[in-house]
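Numbering (UniProt numbering), first residue to last: 1 to 103.
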């Protein structure tokens with residue numbers, strides 16, 4: 001569910017940037033949930049995942065059109081953790097450096 005929401009927000013921001021600059025690069029989505037990645041990349045429906053299929057449909061469409069790229073990253077490397085989780089000083093500093101210096 002979060003991957004579908006992140007995809008929609010990321011694509012909206014990419015479209016806004018494209019309108020302002022004319023550059024059209026694919027959205028890069030980072031995810032630490034392998035099940036969500038498999039569901040997003042798979043076009044088929046499953047009874048157990050039917051409730052989330054609607055959310056991941058847009059992600060699947062953008063992956064098929066190559067307007068979005070999906071990449072698995074380890075949980076410890078998720079940039080968003082700096083804003084959403086209580087972190088220790090060392091991990092906070094590491095993620096801050098990654099955010100500021102692009103990796």
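The beta carbon of each residue, even a glycine, is placed where N, CA and C say it ideally should be. Predicted, not measured: the structure shown is a model, and the values here were computed from it.
- Distance from residue 56 to residue 35 at the Cβ level is roughly 11 Å; contact not present, criterion being Cβ atoms closer than 8 Å.
- Around the CB of residue 63, 16 or more other CB atoms lie within 10 Å, so the residue is classed as buried.
- Residue 35: member of the alpha helix (DSSP H) spanning 34–41, first to last residue.
- Distances from the CA of residue 6 to each of 95, 29, 73 were compared; the closest alpha carbon is that of 29.
- Pairing residue 65 with residue 20, the inter-Cα distance amounts to about 22 Å.
- In the three-state reduction of the DSSP assignment, residue 95 falls in the helix class.
- Remark: C-beta atoms of residue 4 and residue 59 approach each other more closely than 8 Å.
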